[in-house]
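What follows is a set of notes on a single structure, which appears directly below.
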Amino acid sequence: MSEFRTHPDPSTWDDYVDFESTSWPTKDRRHYWIIPSICFNCESACGILAYVDKEQLTVRKVEGNPVHPGSRGRTCAKGVVTPNQLEDPDRILYPLVRDGERGSGKWRQVSWDEALDDIGGRIRKAIVENRRHEIMYHVGRPGEDGYVNRVLQAWGIDGHNSHTNVCSSSARLGHFLWTGNDRPSPDYANAQTILLLSSHLETGHYFNPHAQRIIEGQSNGAALIVIDPRLSNTSAKADMWLPAYSGTEGALLLAMVRVLLEEELYDREFVRQWVDWRTYLRAERPDLAVTFDNFIVALKELYAEFTPEFAAEETGVDAELIVRSARAIGRAGSRFSTHNWRSAAAGNLWGWQITRCLYLLVVLTGSVATKGGVNLHLSNKFVPKHPTQPPPATYWNELLFPREYPLAYFEMSFLLPHFLKDNRGKIDVYFTRVYNPLWTNPDGFSWMEMLQDKEKIGLHVALTPIWSETAWFADYILPMGLGTERHDMMSQETHAAQWLGFRQPVLRVAREKRGEKINATYEANPGEVWEENEFWVALSWRIDPDGSLGIRKHFESPYRPGEPVTQDEYYGWVFENSVPGLPDAAAKEGLTPLAYMRKYGAFKVKDNVYKMHEQPLAADALAGATVDTSEEAVVKDGKTIGVFVDGVARAGFNTLSRRLEFYAKTLVDWGWPEHAVPRYVPGHVHWRTIKREEGEFDLLPNFRLPTLVHTRSPVKWLYEISHSNPLWIATGDARRYGIETGDLVKVNTRIGYFVTRAWVTEGIRPGVLGMSHHLGRWRLHEDVGNRNASALVRIDREGSGYKVSQIHGAQPFESGDPDSARIWWSEIGVHQNLTFPVQPDPVSGMHCWHQRVTLEKAGTDDKYGDIFVDTDKSHAVYREWLAMTRPAPGPGGLRRPLWFDRPLRPAPDTYKL
Amino acid sequence: MANYGFAIDLRKCIGCHACTIACKAEHQIPVGVNRCWVKTVEKGTFPNTRRFFFPVLCNQCDEAPCARICPTNALFKRADGIVDLHGDSCVGCRACMVACPYDQLFIDPNTHTAEKCNFCANRVENRLQPACVSVCPTECRIFGDLDDPESEVARIVQREAFTVRKPEKGTIPKVFYIAAEESAIQPEIATRPFIYKEGQVLLRPLGSPTADPSRPGDPRVDYDVPHVKPWGLDMAFYLLTKGIGTGAMFLSALLWFIGVRTPLTMVVGPAIGLVFVTLTAAILIVDLERPERFLFILFRPNWRSWMVWGAYFLTAHGAIATGWILAGWFGLNGVLAILAIPAMVASVLATSYTGFLFAQGLARDLWQGPHAAFDLLAQAIIEGAAAMLIALALAPPVRAGGHAAAALGLALGAALAVHLLILAIEHLTPSPTRHHELAARAISRGAFATYFWGGAIVGGGVLPLALLGAASVVGTLQSPALAVGISLLSLLGAFAWEYVWVEAGQSVPLS
């Protein structure tokens, strides 16, 4: 074992003495406080340590937190660049208010007081006038658990909008239909075979914690199988790479299912005990007696057509490779781990069926919630209670969950501009919170039109640490803290355990350690950067200054009634009252729970959490329950609360039947009977429908890089590595067009086009084009925006369209950071998302990212970065996809099945139409 | 004492670049330069395509060529085997960058001194893993003491199959790679595109292997960091001025020695020698990243560095030339008799040491071998003779007495012939290494072909030689115009070759 520590021992964190690296080998000693926090750059919630220089009170560097159970002391590149973000010469340090037309680029500094009064007054007015539905909070990746949801509930609004439908809806819906959990929690480290439809070795939910465990598993002998039409870094590490055509993954997976069935490689007992085979047989196979053997017979019949040869023909993957992969899965026993987050599910229409097909493998191998298998997020993520729980909202916001999408996972957020265009409502106060829909979502110019329209959006408040294309069209820009400048709690299902992480404003903590009295985080943050939590408390007090609206009480101190709650009090209460084991662990070290979390930044609540579904039902739960012998289920008050497994009443899963639901009765009840079971449905860009002779291609636009997080990380050290997103094109395809690497190409979508450079490669399936997701940032004013990461552009109106032309790319500039004068990259990618129409899956609501495009060599007038979009056309495409839906009401006159959760759930009776 | 080493298990590397950034953060590395990074290579045809990640960092060589060439001992090997650097002593001569076969040194744009990876010696002394090891999500990097049999790195070196970068260089690297792909660990194999898959290419080595469109599965670099080539026109000018200066001094002393005792050999030639050697020194000093520290080379000498010897040779050459001019001016032939042999020796040394200095540039295969020292001598005679012929032509009084012009013409012709012969041998014999082959190809068929064929071989070599031959047959070398023409052509030819030699030598990717 190495005698070298990965990190300084926690006992030294209050005065860590380090040698200054820049004057080395002269031994200058520097003293640091090492203060833990949580990275704010993606949703992995990795633990970080900030080294706060005791003399200069600055964050010298950020490393991983070795105490953190999820990330185990390691981070990805994006975590380490936090100081780049803190010192970014272009970050926003003061609140700004628009000083001209919206989008004019004219701003003036405003006081926080003025901003809070204005915004708070406006929200109060809306609440008092019963226009709660005109308040909306739109969040990208939350990076925290529950704080803002509670704020919105306290205001009594159904106004939580998220980014999920451009990210993971179809993965979630697929998992949810099977298990009642919307996310899997693979136990990679202990797996024997790992199958990835996502590129978790480079990105994803949750990149660093998962990547380390996937490689750990592989190093311990696990076979890694990756399905991806593109040679991702993950594919590159695969033992078997299966580059199926986009949208054919279902066929591939069902062929594997067939191998497991035919070769008896499935876990018979597990399936018999936990799958709803009785329901399925009764509903779909009345011709068969309800026996488990008949279920297997039925399964074999159902998937008989998915021979390896058929799958090879359909997917383009070698039949022998499919069989070999299936056997590796079968051989893994209950140690088969898999994941699908974005990629195939997010790329294709009916992507959630791909997830269901994938999960069928998990079920057949009996790898559900096992060691080395796939756990459930509900048992691996720990969410503590907050000090008070306000009542849920009492109305239903149809801008979030319109009746066309009763099964959406979740809010139909990316359709908002089209809903407003259709006069389905208007918004009086609209918060975008570290969220850049104009850039990240498809059809960004419809967002621009919406944000510019003061009739539709009364007041747009952008809460953001940095400039974004969306913030440009705000009325207020309120600068919020980065990962070391704010308080949050966060937990994720990174592995088979439960843990809680704590984000802290490290300079505030440092100054308090020095004995200073700090009343609010902004006193310690640079400029006038607030932390959001304190903002919400202050804003809520302005909304309800006298407490008459019943809001204020949720923002009062639990210890000092009638006074605003401080962050110490808020988290002190949570850590004392709702984190099992934390008070004891703290007491052992002579610390308060809050002091313990401030010192270590994370707490492991439980380890080795497996097979929670096998928990026997407690006696009090069983009291008054009856047994449904036909289903072997425990029923109480008309609801199934558990299942009988070999005579013992067990908790089961979170589905209505408490079993793993092969047969999705909900889909049948809500008008999708053809999708009752996992089946193969070709996607919207299926290769057989692509007219290659007419220049058509399937564009895979949603792959990501390990170095960037969408629009959150435009910093020098990352951009130095990754700064543009050329179009991947297969060698043979390129040859047909006479295209070489570096040539300009023009990609036409249904609503416009973009011009970029070609990257000719053997690393992508012929017929498929690829383009990474994060790059192509732009700004409209020379000096306003992230200059190292954006092109200066001009947007000209052309008919009902917009033409974007780059005036120049990134350029060196003078600032307090000498590195800004050393920027050597100029082409910073092309913003492809602008040219994508919205393509909502009619069931999950997922934006189906893949695009049918036509490719041509760029003409002489085409310049790098040219973009054209016609928003009239994009609205027409929206209508086409909308017409595919089967709207509510469902059974019982509901808008949405009651068992379908929402991120912020309103009162149950609002589910009724 | 420990002996630190490093293993990288490439089976585990996922190419996430966390190490690159952790290193930047630990050492506050500016934009544009790197102590460590991850190169990636794509290889194979669909669907058997693979991408290979190849993290690179300093090998902390046992026989560190950077420390050997460093003139001021700024680079030094610690007792624990780490090759570290005293920025305070660094003059910024970039010789270390020329010496390192692994492209691991760079000039820090903030301090204008060299920088390199030192296994995070500042952390190691606190018993902490290097930053790149501590951050690595997949724990593919293993750091430890090679002399401690209990350490993981020692176990790997003893029990597992590994490779190192360029073992043939004899540097004894201490970064061991498990499961390295050949086209990633050997920089001369993979082709280099003009853009990468995630960004632009800032500096593409001109001698990079080029892609063959009919072989799309050939390995191709799809990410690498930019590497500045340390030497450029500055060194070509240095070679030119030094050649003129030392050549003129050598020829003056030689001619004087054989009896041509005229103002040409007693004052004018040595004056050319002094002026051009002084110019050479000025070029060298101005070219330092920290010119104000140039005396460190004389006063903090590393006697293993040919740069130090060169500095002393040039100083000696300058001193002797000064003495010669004074003695020559006053006609003190007795003094000149004493100075003649030392003058010739000093000018030969000041000429030829550069061959050994370039050969200490271990990174560059083109510069290896003993022929360079001889070729430099031939070039110096070409340049010195040409300069003196021009002086003769332009200053008629100097022409008086003796057969200086004929002698210089003879020297020029002979030197041209020898120089061309050396080039012919160099380029007609097979390249000893792939690196050499790429450099030679860049010269004969690549980016430098025009300078080489047009300048060094024909216009500045064969042509002046032919003219010289014709002139001596016809006896018209006394024509000033012709002499100047031939001399200028010869100078241009020599300079063209010096430029090509410097540039093409550095045109092959090292990492």
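Line order of the protein sequences matches chains A and B.
The first sequence stops at residue 901 when you use my numbering, and every number in between is there.
The second sequence stops at residue 579 when you use my numbering, and every number in between is there.
Think of the CB as a built atom: it goes at the ideal place given N, C-alpha and C, for glycine as much as any other residue.
A residue is called buried once 16 or more other Cβ atoms fall within 10 Å of its Cβ, and residue 337 (chain B) is buried on that count. Under the Cβ criterion (8 Å, minimum of three pairs), the segment 458 to 468 of chain A does not count as touching the segment 51 to 66 of chain A. Note: residue 487 (chain A) is bridge-paired with A:592 in the DSSP secondary-structure output. Following the DSSP letters along the chain, one finds residue 723 (chain A) inside the alpha helix (DSSP H) bounded by residues 719 to 725.
Residue environment: residue 691 (chain A) is assigned as buried (16 or more neighbouring CB atoms within 10 Å of its CB, all protein chains considered). For residue 231 (chain A), the neighbours in chain B by C-beta distance under 8 Å run, in chain order, 114 and 115.
Residue 332 (chain B) has its alpha-carbon roughly 11 Å from the corresponding atom of residue 397 (chain B). In its chain, beyond the 5 residues on either side, 114, 143, 144, 145, 146, 147, 381 and 383 have a beta carbon closer than 8 Å to the beta carbon of residue 120 (chain A). Judged by beta-carbon spacing, residue 794 (chain A) lies beyond the 8 Å limit of residue 730 (chain A), meaning their Cβ atoms are not closer than that value. The alpha-carbon of residue 821 (chain A) is positioned some 5 Å away from that of residue 430 (chain A).
Listed by position along chain A, the residues whose Cβ is nearer than 7 Å to that of residue 74 (chain B) form an empty set, because the closest Cβ is around 12 Å away.
Between the alpha carbons of residue 858 (chain A) and residue 786 (chain A) lies a gap of roughly 9 Å. Less than 8 Å separates the beta-carbon of residue 55 (chain A) from that of residue 590 (chain A). A Cβ-Cβ contact shorter than 8 Å links residue 855 (chain A) with residue 823 (chain A). Here the alpha carbons of residue 155 (chain B) and residue 150 (chain A) stand approximately 51 Å from one another. Going by DSSP, residue 227 (chain B) is part of the alpha helix (DSSP H) stretching over 220 to 227. Apart from sequence neighbours up to five positions away, the residues of its chain that approach residue 436 (chain B) with a beta-carbon distance below 7 Å are 427, ordered along the chain.
Distance from the Cα of residue 464 (chain A) is smallest, within the candidate group A:2, A:472, A:419 and A:620, for A:419. If one requires a minimum length of 4 residues, the alpha helix (DSSP H) runs lying completely within the segment 85 to 163 of chain B are 86 to 95 and 133 to 137, in chain order. Taking the beta carbon of residue 190 (chain B) as reference, the chain A residues within 7 Å of it are 7, 9 and 12, listed in sequence order. For the segment 288 to 299 of chain A, the set of residues with a beta-carbon nearer than 7 Å to any beta-carbon of chain B is empty.
In the DSSP assignment, residue 125 (chain A) falls within the beta strand (DSSP E) that extends over 123 to 127.
The segment 865 to 879 of chain A makes contact with the segment 392 to 411 of chain A; the number of CB pairs closer than 8 Å reaches 3 or more.
Rounded to whole angstroms, the Cβ separation of residue 536 (chain B) and residue 525 (chain B) is 16 Å, and the two are not in contact under 8 Å.
Of all residues in the segment 707 to 720 of chain A, those with a C-beta nearer than 9 Å to a C-beta of chain B are 707, 708, 709, 710, 711, 712, 713, 714, 716, 718, 719 and 720, reading in chain order. For residue 224 (chain A), a Cβ of chain B is located within less than 8 Å of the residue's own Cβ. Flagged as an interface residue toward chain B: residue 64 (chain A), by a C-beta distance shorter than 8 Å. With 16 or more other Cβ atoms from the protein chains shown falling within 10 Å of its own Cβ, residue 582 (chain A) counts as buried. At a Cβ-Cβ threshold of 8 Å, residue 850 (chain A) and residue 734 (chain A) count as neighbours.
The straight-line gap separating the alpha-carbon atoms of residue 547 (chain A) and residue 31 (chain A) is approximately 32 Å.
Rounded to the nearest whole angstrom, the C-alpha separation of residue 888 (chain A) and residue 644 (chain A) is 10 Å. The Cβ-Cβ distance between residue 414 (chain B) and residue 395 (chain B) does not fall below 8 Å. Collapsing the DSSP output to three states places residue 500 (chain A) in a helix.
About 6 Å separates the CB atoms of residue 204 (chain B) and residue 86 (chain B); that is less than 8 Å, so the two are in contact. Contact with chain B is absent for residue 502 (chain A), since none of that chain's Cβ atoms lies less than 8 Å from the residue's Cβ. Pairing residue 339 (chain A) with residue 34 (chain A) gives a Cβ-Cβ distance that is not under 8 Å.
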